[in-house]
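For reference, the structure discussed in these notes is given below.
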Amino acid sequence: MRTTTRRGPSRAQVSSALLAVKAAVLGAVLALTVTAGITASGTTATPDARPPVFTMDASAQVVQQVMSKHNCSSTGFAPGTQPDSALVRTTRGKLRVVSFDRGWDVFTGRSPGLLVAVCLGRP
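For reference, each letter of the sequence shown is one residue, going 0 to 122 in numbering that gives the first Met the number 0.
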């Protein structure tokens with residue numbers, strides 16, 4: 000009898016997980032925006048107040064630059080497209096471009112860190 004060992008989650012599951020993380024971050028930003036519009040007295044900001052301006056902090060800008068440089072996506076790529084590398088955040092907070100296999104190990108919990116994106120560029 001032949002047994003097969005499953006490597007871990009499928010690529011579709013990885014893409015779904017990355018999409019869920021992205022949606023959670025967007026939800027948090029929207030919640031903070033709404034919360035910021037409420038004054039200390041519990042009333043909302045006046046209608047003629049300027050709309051909030053979204054800015055990226057330095058950390059988010061670095062992530063965006065690395066993602067652009069290495070052609071990364073936090074939601075995955077089209078079916079049949081094989082990523083060559085991954086973008087991970089180490090337990091010390093450093094952003095690293097690693098091999099796809101190392102990124103997979105981070106995603107499945109076999110290695111410490113946080114999977115940020117998968118990339119088409121080489122590590």
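Virtual Cβ for every residue (Gly too), placed ideally from N, Cα, C.
This structure is a prediction, so every number in the text was calculated from the model and none was measured.
query: On the three-state DSSP scale, how would you describe A77?
result: The three-state secondary structure of A77, taken from DSSP, is coil.
field: Buried or exposed by the 16-neighbour rule on C-beta atoms within 10 Å, applied to G108
entry: When all chains shown are included, G108 counts as exposed.
- prompt: What are the partner residues of A124, as DSSP defines its beta bridges?
  reply: Here the chain comprises residues numbered 0 to 122, so residue 124 is not present and cannot be evaluated.
message: Can you list, in chain order, the residues of its chain with a C-beta nearer than 8 Å to that of L113? Leave out the 5 residues immediately preceding and following it.
response: Cβ within range, chain order: V87, R88 and V105.
message: Measuring alpha carbon to alpha carbon, tell me which residue in T90, A16, P82 and A59 is nearest N70.
response: Nearest C-alpha to N70: P82.
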